[in-house]
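Residue numbers (this note's numbering): 1 to 103. No residue lacks a Cβ here, since even glycine has one placed at the ideal position from N, Cα and C. Since the structure is predicted, the reported quantities are computational estimates derived from the model, not experimental observations. Here's the structure, in structure tokens; my notes come after.
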Amino acid sequence: MMSCNLIPGAPNFSRKMLSKVSFFCQTCTAMKMRRMRYRNKVGSRDNQPIRTIHMDTNGPMRTLGVYGTAGLIRYFLSIIDDQTSWRWPFVLRKKTELKIKVK
Numbered sequence: 001m002m003s004c005n006l007i008p009g010a011p012n013f014s015r016k017m018l019s020k021v022s023f024f025c026q027t028c029t030a031m032k033m034r035r036m037r038y039r040n041k042v043g044s045r046d047n048q049p050i051r052t053i054h055m056d057t058n059g060p061m062r063t064l065g066v067y068g069t070a071g072l073i074r075y076f077l078s079i080i081d082d083q084t085s086w087r088w089p090f091v092l093r094k095k096t097e098l099k100i101k102v103k
């Protein structure tokens with residue numbers, strides 16, 4: 001864009017000049033990193049089912065009316081067993097239902 005003078009008032013740098021400049025952005029480098037996969041870690045999984053579980057909630061969801069509920073489902077609870085990776089999904093109308101579902 002700059003070499004074609006498409007930006008009014010922007011300085012015109014030659015390609016030769018730009019090739020000598022070192023560009024390094026720590027944020028760009030960090031965002032391109034991949035997340036560490038915990039499955040590859042030796043000994044990270046529990047050896048008995050249901051002893052260690054992971055829970056996460058999502059919401060409130062912007063898209064309402066999932067499965068014909070006319071906007072009643074707003075939150076989502078996900079429970080995952082560490083040893084077997086078995087997943088239990090729960091839909092919630094209010095966050096107060098979370099206590100009931102976990103019991």
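On the DSSP bridge list, what partners appear for D56?
As a working mapping, residue 56 is identified with position 56 in the sequence shown. In DSSP, D56 forms a bridge with S78.
For V21, which three-state DSSP category applies?
Position 21 of the sequence shown, counted from the first residue, corresponds to residue 21. Here V21 sits in coil by DSSP.
So which of T27, T52 and N58 has the shortest CA-CA distance to R74?
The residue labelled residue 74 in the question sits at position 74 within the sequence shown. Among T27, T52 and N58, the Cα nearest to that of R74 belongs to N58.
Based on the DSSP secondary-structure assignment, which residues constitute the bridge partners of L92?
Counting from one through the sequence shown, the residue named residue 92 turns up at place 92. Paired residues: Y75.
Taking the C-alpha atoms as reference points, what is the distance between N47 and H54?
Position 47 of the sequence shown, counted from the start, is the residue given in the question as residue 47. Position 54 of the sequence shown, counted from the start, is the residue given in the question as residue 54. Taking the straight line joining both Cα atoms gives about 15 angstroms.
For P60, which residues in the same chain have their Cβ closer than 8 angstroms to its Cβ, ignoring the five residues on either side in sequence?
Stepping through the sequence shown from its first residue, residue 60 is reached at position 60. Cβ within range, chain order: R74 and Y75.
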